[in-house]
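The sequence shown maps to residues 46 to 732 in the numbering used here.
Heads up: the structure comes next, in structure tokens.
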Amino acid sequence: MPELTKKQARAEVSLLRKEISRHDHLYYAENNPEIPDADYDKLMARLIELEQLHDLAVPDSPSRRVSGEVAEQFNPFAHKIPMMSIDNTANEHETREFDRRIKRFLKTEEEIEYILQPKFDGVSASLTYVDGELHHGTTRGDGKMGEEVTSNIKTIRSVPLILAGQGRKPKLIEIRGEVIFPKSLFAKLNEELKKVNKKLEEENETLLKEKKNPKPLKMLFKNPRNAASGSLRQLNSSVTARRPLHFYAWGIGGCDGMDFRDEFEIYEILNRWGFSVEEPKNCRNIDEAIQHSMSLEQRRDSIDYEIDGAVVKARSRRLQEILGATAKYPRWSVAIKFSPKQVSTKVIDITIQVGRTGHLTPVAELIPVKISGIEIKRASLHTEDTVREKDIRVGDTVIVQRAGDVIPEIVEMVPSKQRRKEQFLMPQVCPRCETCVEKEGSFHLCPNISCPAQIKGRISLFTSRNAFDIEGLGKKRVEQLINEGILQNIADVFTLKEEQLLNLEGFAEKSTKKLLDEIENSRNISFEKFINSLSIKHVGTRTAQILAQEFKTPENLMKAKSEDLILIDGIGEELAQSIIRFFENPERKSVVEALLHQVRIEKEPEPYPENSATAEKTFVLTGTLSTSREQIKQKIEKVGGKVINSVSRKTDFLILGTNPGTTKLKKASELGISIIDEEQLKKLIGL
Ligand SMILES: [Zn+2]
């Protein structure tokens, strides 16, 4: 490349800066990038090169986002207008009281207009722009004084270094917002830190041998807020630059030379200046605010950042001024707290549950607590290793959450000095049948297939909706009939006699007859449900479906060899072995044969129209493809798949055309979604 004159270099640098800022805006504020990341990196590399070569670096250059300054410490910084915390309300009653307080203060009966925004659970920050240029980025600190973290703030690509747009810019303005760490990338960060630690441990071994001091290990982050805070408060800003932080603007502090009518106008202007902003909900009164808050709470798990509540603000700025603040809080704003997703409780006992395939699972019995309205009494601890890893003992106080808002899980124990000394140990024998426990990998197994606990589990599955669907035989009745010795295996269900049942507690004449009728009517079953009803280890509904399509009849399946099985798509070595072992066992085989005398397998409908690899799978298309998207969509739908527009955790495949969109591609690889090209798609859907 020929040498540039200083003038030429200056011109190119100026162009590059504009171009990079434009791409930053497209990427973060509009979520619609024009160029792949690699091209963006090239622009940035060229800019840094020119700035260094021709001594053109300036503080507001986008190159500052990656160059990385190392600070000795963070300097204190006084906010022009304090960042006050806001009052919380824990329930609807308190939220209405907030509205009534305002009306009393204003001596009015008229409805107050509000806006509602998500309350981000990140790190609050304040950005000071002077004549449209970012001058300071600071943390909230104690509300009056924050810490200056400007060079770190500049590495966040969703922070505009210069306020975008043509319109008038205030002389000085403090933009208030939240630095957050996306939930979807959080687990990955800890995984990376674990890898770093592994390497450090190896290095430390050598260092210790050489009698040198070991290097400290990296701390893992507890939650996305921790990660945001830890990443923002790095003395070396190149570390911050590598973290995928995001800045959401939610309001303004001090402002010189510009007036805003109301909160919605603030939102519109922040948006225009290039900030990431969530459009606030307009609420004509407190009822609407409460409603919007509830629907936000319902959506909170589908949003990629943590929110722990909703902020209600009086919409009019003039009203805000009149209302002012108490010593602690502004009078015109309140945060509606969402119900906590984590609560603490105590472990009363650790019991052992024996499943239908013989797995022993430790279960924490808890003092009942409510999470989002649901009472939690027990939480699975999975394996002995999990209990050891989390070091949970009877009597411990623990933090419980509902994972994906359904299954309760123990996050961690709260350390305390007064704990039991004994660590948890798995029993040597099955708590139900006292057979010696065997170990399989990290699992403990009761090898006795006549174990009452296993029989109970198997019969419960046998009568469930995914198998014979006998509603009258719920878990309680199954337990009772096992204890009475009437049910010993799944085939016994179909030989139950009226006289066996009538003398038992809870079996009146009418209900007994009803149950027997129901059993009689359930003798016809699809092959798929039949396979599922057998409790073959590792075989769930999905595998049962595949096996039914492949083998068509029980006889074929029972004769199957391991080499036949592993050839089937979706069946691996372990699964194949488990199926073979199941039918090799004479006791199990005779139960299946007895059962086959009792039931009738319905013929499978002609070849399943849905290809097993694509049925119910979700596809996203990106880039240019050889035929129209509509045609490809139809082909995918024909084999039972679904085409949607954007990549999420629920996506199974990203189909890559030429010139793909970088957002989709990036998101798919971050989420570990299979990325395939058109050729691979054709194979998959059998074209
Ligand atoms: Zn047992």
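Where is the CB? At the ideal position from N, CA and C, for every residue including glycine.
Which class does residue 586 belong to by DSSP, given the choice of helix, strand or coil? The sequence position of residue 586 within the sequence shown is 541, counting from 1. Reduced to three states, the DSSP call for residue 586 is helix.
In chain order, which continuous runs of the beta strand (DSSP E) of length 3 or greater are located wholly inside the stretch 445-527? 452-459, 483-485 and 488-490
Between residue 493 and the rest of its own chain, which residues show a CB-CB distance below 8 Å, the 5 nearest in sequence each way excluded? Here residue 493 corresponds to residue number 448 of the sequence shown, with the count starting at 1. Closer than 8 Å at the Cβ level, and outside the excluded window around residue 493, lie 403, 475, 478, 480 and 499.
Considering only DSSP beta bridges, list what residue 219 is partnered with. Counted from its first residue, the sequence shown places residue 219 at position 174. Residue 219 is bridged to 173.
Sorry if obvious, but does the Cβ on residue 496 come closer than 7 Å to a heavy atom of ligand 1? Counting from one through the sequence shown, the residue named residue 496 turns up at place 451. Yes, since a heavy atom of ligand 1 falls inside the 7 Å radius drawn around the Cβ of residue 496.
Given a cut-off of 8 Å on the beta-carbon distance, is the pair residue 615 and residue 576 in contact? As a first step, residue 615 must be located in the sequence shown, where it is residue number 570. As a first step, residue 576 must be located in the sequence shown, where it is residue number 531. Result no, Cβ atoms of residue 615 and residue 576 do not sit closer than 8 Å.
Among 301, 300, 297 and 278, nearest to residue 290 - alpha-carbon criterion: Here residue 290 is taken as the residue at index 245 of the sequence shown, counted from 1. Of the listed residues, the one whose Cα sits closest to residue 290 is 278.
Any non-hydrogen atom of ligand 1 within 7 Å of residue 480 CB: On the sequence shown, position 435 is the one that residue 480 refers to. Checking every heavy atom of ligand 1 against the Cβ of residue 480, one is found closer than 7 Å.
From 470, 284, 209 and 199, residue whose alpha carbon lies closest to that of residue 63: The residue labelled residue 63 in the question sits at position 18 within the sequence shown. Residue 63 has its Cα closest to that of 209, out of 470, 284, 209 and 199.
So, residue 300 versus residue 413, is the Cβ gap smaller than 8 Å? As a position in the sequence shown, residue 300 is number 255, starting the count at 1. As a position in the sequence shown, residue 413 is number 368, starting the count at 1. Not closer than 8 Å, so no.
Residue 182 - DSSP class collapsed to helix/strand/coil: The sequence position of residue 182 within the sequence shown is 137, counting from 1. Looking at residue 182 - three-state DSSP - the assignment turns out to be strand.
Helix or strand or just coil, what does DSSP make of residue 539? Looking up residue 539 in the sequence shown gives position 494. Here residue 539 sits in helix by DSSP.
According to DSSP, simplified to helix, strand and coil, what is residue 691? Start at 1 with the first residue of the sequence shown, and residue 691 comes out as number 646. Residue state, collapsed to three classes: coil.
DSSP state of residue 442 mapped onto helix, strand, coil: As a position in the sequence shown, residue 442 is number 397, starting the count at 1. Three-state DSSP puts residue 442 in a strand.
Report yes or no: do the stretch 235-249 and the stretch 313-332 share at least 3 C-beta pairs separated by less than 8 Å? no
Rounded C-alpha distance that separates residue 682 from residue 713: Along the sequence shown, one-based indexing puts residue 682 at 637. Along the sequence shown, one-based indexing puts residue 713 at 668. Between residue 682 and residue 713, the C-alpha separation is close to 21 Å.
Suppose you measure from the CA of residue 630 to the CA of residue 513; what does that come to, to the nearest Å? In the sequence shown, counting from the first residue as 1, residue 630 sits at position 585. In the sequence shown, counting from the first residue as 1, residue 513 sits at position 468. Their backbone Cα atoms lie some 23 Å apart in a straight line.
Hey, how far is the Cα of residue 186 from the Cα of residue 192? Counting from one through the sequence shown, the residue named residue 186 turns up at place 141. Counting from one through the sequence shown, the residue named residue 192 turns up at place 147. Between residue 186 and residue 192, the C-alpha separation is close to 6 Å.
Going by DSSP, name the residue or residues bridged to residue 143. Here residue 143 is taken as the residue at index 98 of the sequence shown, counted from 1. Beta-bridge pairing links residue 143 to no other residue.
Along the beta strand (DSSP E) that carries residue 125, what are the first and last residues, could you check? Locating residue 125 in the sequence shown gives position 80, counting from the first residue. Here residue 125 belongs to no beta strand (DSSP E), and DSSP marks it neither H nor E.
To the nearest angstrom, how far is it from the Cα of residue 354 to the Cα of residue 267? Counted from its first residue, the sequence shown places residue 354 at position 309. Counted from its first residue, the sequence shown places residue 267 at position 222. Each residue's alpha carbon lies about 20 Å from the other.
Residue environment, residue 51, which counts as buried when at least 16 other CB atoms sit within 10 Å: The residue you call residue 51 lines up with position 6 of the sequence shown. Result: exposed.
Residue of 272, 276 and 242 minimising C-alpha distance to residue 261: Position 216 of the sequence shown, counting from 1, holds the residue named residue 261. The shortest Cα separation from residue 261 among 272, 276 and 242 belongs to 242.
Where residue 654 and residue 454 are concerned, what is the direct C-alpha to C-alpha distance, given to the nearest angstrom? What you label residue 654 is simply residue 609 of the sequence shown in a count that begins at 1. What you label residue 454 is simply residue 409 of the sequence shown in a count that begins at 1. In this prediction, residue 654 has a pLDDT of 49, which is less than 50 and means its spatial position is unreliable; nothing more can be read from the coordinates.
In the DSSP assignment, find the alpha helix (DSSP H) that holds residue 336 and state where it starts and stops. Within the sequence shown, numbered from 1, the residue matching residue 336 stands at position 291. Residues 331-344.
Which residues bound the beta strand (DSSP E) around residue 312? Working through the sequence shown from its first residue, we reach residue 312 at position 267. Per DSSP, residue 312 belongs to no beta strand (DSSP E); it is in the alpha helix (DSSP H), 308-317.
Which stretch, first to last residue, makes up the alpha helix (DSSP H) that contains residue 159? Indexing the sequence shown from 1 puts residue 159 at position 114. No alpha helix (DSSP H) holds residue 159; the beta strand (DSSP E) holding it covers 159-165.
For residue 96, count the other beta carbons within 10 Å of its own beta carbon; 16 or more makes it buried, fewer makes it exposed. Which is it? Residue mapping note: residue 96 aligns to position 51 of the sequence shown, counting from 1. With 16 or more Cβ atoms within 10 Å of its Cβ, residue 96 is classed as buried.
Hey, residue 445 and residue 416 are a contact pair by Cβ (cut 8 Å); roughly how many whole angstroms apart? Here residue 445 corresponds to residue number 400 of the sequence shown, with the count starting at 1. Here residue 416 corresponds to residue number 371 of the sequence shown, with the count starting at 1. The Cβ separation is near 7 Å, so the contact holds.
Inside the stretch 196-280 only - alpha helix (DSSP H) runs reaching at least 4 residues: 228-254 and 269-277
Chain-order list of residues whose beta-carbon lies under 8 Å from that of residue 55 (same chain, five-residue window excluded): One-based indexing of the sequence shown puts residue 55 at position 10. Same-chain partners within the cutoff: 99 and 101.
Identity of the residue in 227, 566, 381 and 256 nearest residue 161 by Cα: Locating residue 161 in the sequence shown gives position 116, counting from the first residue. Checked all of 227, 566, 381 and 256; the closest Cα to residue 161 is 381.
Would you check if the stretch 556-572 and the stretch 657-676 touch, i.e. whether three or more CB-CB distances between them fall below 8 Å? no
Under 8 Å by Cβ, that's how I've got residue 730 and residue 678 pegged, so tell me the actual separation to the nearest angstrom. Against the sequence shown, residue 730 aligns to sequence position 685. Against the sequence shown, residue 678 aligns to sequence position 633. Actually they are not in contact, since the Cβ atoms of residue 730 and residue 678 sit about 11 Å apart, beyond 8 Å.
Is residue 477 a contact residue of ligand 1, with contact defined as CB to any heavy atom under 7 Å? Here the question's residue 477 lines up with position 432 in the sequence shown. Checking every heavy atom of ligand 1 against the Cβ of residue 477, one is found closer than 7 Å.
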